[in-house]
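Converting from the sequence shown to this note's numbering requires adding 7 to each position, the first position being numbered 1. Note that beta-carbon positions come from the ideal geometry of N, C-alpha and C, so glycine has one too. Computed from a predicted structure; not experimentally measured.
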Amino acid sequence: MDKLQKCIDEHKVNNSRTREIIYKILLKSDECLDINQIIEEATNLYPKKISINTIYRHLRFFIDCKLVFSLQDNLKVAHYCLCKDEASVFCICTKCNSIKRVDSQLQAELLDSDFVTIHKKCKECK
Ligand SMILES: [Zn+2]
8 MDKLQKCIDE
18 HKVNNSRTRE
28 IIYKILLKSD
38 ECLDINQIIE
48 EATNLYPKKI
58 SINTIYRHLR
68 FFIDCKLVFS
78 LQDNLKVAHY
88 CLCKDEASVF
98 CICTKCNSIK
108 RVDSQLQAEL
118 LDSDFVTIHK
128 KCKECK
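Here's what the structure looks like:
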């Protein structure tokens with residue numbers, strides 16, 4: 008949460024409960040989440056309805072702050088994931104379109120990228 012607070016201070020934006028909730032959702036998920044999964048989680052955590060525009064706005068803020076990156080699946084649907092110190096490797100299944108984190112350590116600095124995607128069939132589809 009420190010990184011988020013730093014970004015909020017730098018951008019001089021107000022604290023927002025919904026922003027915090029969306030960040031927490033991404034923080035506790037190891038896999039990438041698409042917008043529907045984020046909405047579903049948010050509904051469980053927050054009593055009021057958060058509009059889809061609000062969620063997109065917060066996600067855009069996280070991306071601008073380099074706290075979160077987004078990647079697209081084969082259907083060009085965006086999935087969101089928290090940036091880590093090491094680059095994340097994801098396998099996008101060419102058959103069922105699932106995105107799974109691959110246990111691999113790559114130096115993000117060396118790659119100059121927050122993530123790498125591999126396109127191949129997942130275990131279930133093989
Ligand atoms: Zn598959």
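Neighbourhood of residue i by C-beta distance below 7 Å, restricted to the same chain and skipping five residues each side
i, result
"D80", "H86, I99, N104 and I106"
Beta-bridge pairing of residue i - partner residues as DSSP gives them
i, result
"T85", "This sequence places Ala at residue 85; Thr is not what is there. DSSP output for A85 lists Q79 as bridge partner(s)."
"T124", "F97"
"V20", "DSSP, once it has assigned bridges, lists no residue as partnering V20."
Buried or exposed by the 16-neighbour rule on C-beta atoms within 10 Å, applied to residue i
i, result
"I125", "exposed"
"I32", "buried"
"C88", "buried"
CB of residue i within 8 Å of CB of residue j, strictly
i, j, result
"I42", "I59", "yes"
"T96", "S120", "Per the sequence shown, residue 96 should be read as Val rather than Thr. No, these two residues do not count as a Cβ contact at 8 Å."
"I122", "A94", "Residue 122 is actually Phe in this sequence, not Ile. It is a contact, given that the beta carbons lie within the stated cut-off."
Proximal residues to residue i (C-beta, below 8 Å), its chain only, five neighbours per side dropped
i, result
"C129", "C98, C100, K102, C103, S105 and K107"
Cβ of residue i within 8 Å of any chain D Cβ
i, result
"I28", "Protein chains in the displayed structure number just one, and chain D is not present."
Exercise for the section: Specify whether the region 63–77 and the region 98–110 touch according to this definition: at least 3 beta carbon pairs, one from each stretch, less than 8 Å apart. Expected result: no
Exercise for the section: Taking 8 Å as the threshold, find out whether the region 16–23 comes into contact with the region 35–44 through three or more Cβ pairs. Expected result: no
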